[in-house]
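The next block holds one structure in the form of structure tokens; read it before the comments.
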Amino acid sequence: MRTRDNRRFVAGGVALVWACASGCGREVASVPALPEPPSAPPAASTSVSAAPPKSVGPLREIADEEPLAEGRVVFEGMARPTKGGVSVRGVTLDEADVSRLLQANGRGDAEAHLGARLRVVAVLEKVESSPQKPGEPVMQMRVGTFFAPRAVEAITVVRAAEVLEGVLSRSKGMFAVGDRLVTSEDLGWSLRDAKTGDRVRLYGQPRTYVCPPDAQCLIGGSIPLFDIGRAERMR
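Under numbering that gives the first Met the number 0, the residue at position 173 of the sequence shown is numbered 172, and the numbers go up by one with no gaps.
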């Protein structure tokens, strides 16, 4: 996948929450599991459908808070770049397939929708891949348990990527752009050498992480985050 900074890597978003430990008023860092933003009503959506494969069962809709499952499913998530395609909730979709489905109704190619929230109808298969054995030819491959699409029936743009532009500053282990926080990991794969004072333009989705009762967030009990789909440094 091309990138204006010519650097792009796969990463998962992790944010830091500063909590009060043992009632002492001392700040310590914790790493909560940050769920994807909740579903929103479709706005100006585009979809292209194909006849589903036979004998794959009924269509099952998977909510943001539910884990993915095998079979014919529909799920939503933000489009991120990954090696060989576009990742939505960790499922790697072939870049050519995504572009073909989106271009059919004049919505542009896959890269134009990085950072958008997509709705995907696909047949998923659970794959368990073991590390390579000693002596085997060295190959770059995905290891562990993941889901791979065996057929992609439709891709819909649920919500276009929002644009966040501003100067990077540091804020409690993360970066701040305007009134939103972005994780170092998220910014690291999109603009590896980004630093405080850089002016950036980010494409992605805003969301608010609500802290659990036993954690004391520094910003009124919640953290205003921005998940990055792609980024560019402004000159």
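Just so it is clear, CB atoms sit at the ideal spot from N, CA and C, and this is done for glycine as well.
Bridge partner(s) assigned by DSSP for residue i
i	result
Arg200	Glu164 and Glu231
Ile154	Val119
Glu127	Thr144
Gly76	Leu117
Gly187	Answer is none; Gly187 lacks a bridge partner.
Thr81	Gly84
Asp178	Note: Asp178 sits in no beta bridge, so no partner.
Glu60	Val73
Pro66	Beta-bridge pairing links Pro66 to no other residue.
Arg206	Leu224
Asp93	Gly84
Ser170	Met173
Counted within 10 angstroms of its Cβ, other Cβ atoms place residue i as buried (16 or more) or exposed
i	result
Ser168	exposed
Pro57	exposed
Met233	exposed
Thr207	exposed
Gly203	buried
Pro80	buried
Val90	buried
Glu274	A query on residue 274 cannot be resolved here, the shown segment of the chain reaching from 0 to 234 and no further.
Glu152	buried
Of the listed residues the options, nearest to residue i (C-alpha basis)
i	options	result
Leu201	Val209, Trp188, Leu101 and Gly89	Trp188
Ala160	Lys82, Gly228 and Val126	Gly228
Ser86	Pro148, Glu124, Val166 and Val209	Pro148
Gly83	Gly89, Glu94, Met77 and Arg234	Glu94
Ala150	Asp63, Ile222, Ala78 and Leu100	Leu100
Arg158	Val90, Gly220 and Leu113	Leu113
Pro205	Thr182, Gln102 and Gly220	Thr182
Ala111	Glu152, Ser221 and Met77	Met77
Ser98	Val156, Glu124 and Thr144	Val156
Ile61	Leu123, Asp96 and Gln102	Leu123
Ala230	Arg59, Cys210, Pro223 and Glu184	Glu184
Leu180	Asp226, Arg88 and Val90	Asp226
Glu145	Ala109, Leu92 and Pro211	It should be noted that the sequence gives Phe, not Glu, for residue 145. For the residues Ala109, Leu92 and Pro211, the minimum Cα distance to Phe145 belongs to Leu92.
Lys125	Pro211, Asp192 and Gly143	Gly143
Val166	Glu152, Ala193 and Ile154	Ala193
Asp108	Pro211, Ile154, Ser170 and Pro223	Ile154
Ser170	Arg191, Ser128 and Leu224	Leu224
is_contact[residue i, chain E] using C-beta, thresh 8 Å
i	result
Arg88	No chain E is present in this structure, which holds just one protein chain.
The ligand GDP heavy atom lying under 7 Å from the CB of residue i
i	result
Gly56	In the structure on display, the ligand GDP does not appear, and there are no ligands present to speak of.
Notebook entry, point to check: At a cut of 8 Å, does the stretch 174-181 reach the stretch 111-124 through at least three beta carbon pairs?
Noted result: No, because fewer than three Cβ pairs between the stretch 174-181 and the stretch 111-124 fall closer than 8 Å, the two stretches do not touch.
Check: Can we say the stretch 204-223 touches the stretch 60-72, given the rule of at least three CB pairs closer than 8 Å?
Finding: Counting C-beta pairs closer than 8 Å gives fewer than three between the stretch 204-223 and the stretch 60-72, which falls short of the contact rule.
Margin query: So, does the stretch 70-78 touch the stretch 189-197, judging by three or more C-beta pairs under 8 Å?
Written below: Judged by Cβ distances under 8 Å, the stretch 70-78 makes no contact with the stretch 189-197, as fewer than three pairs qualify.
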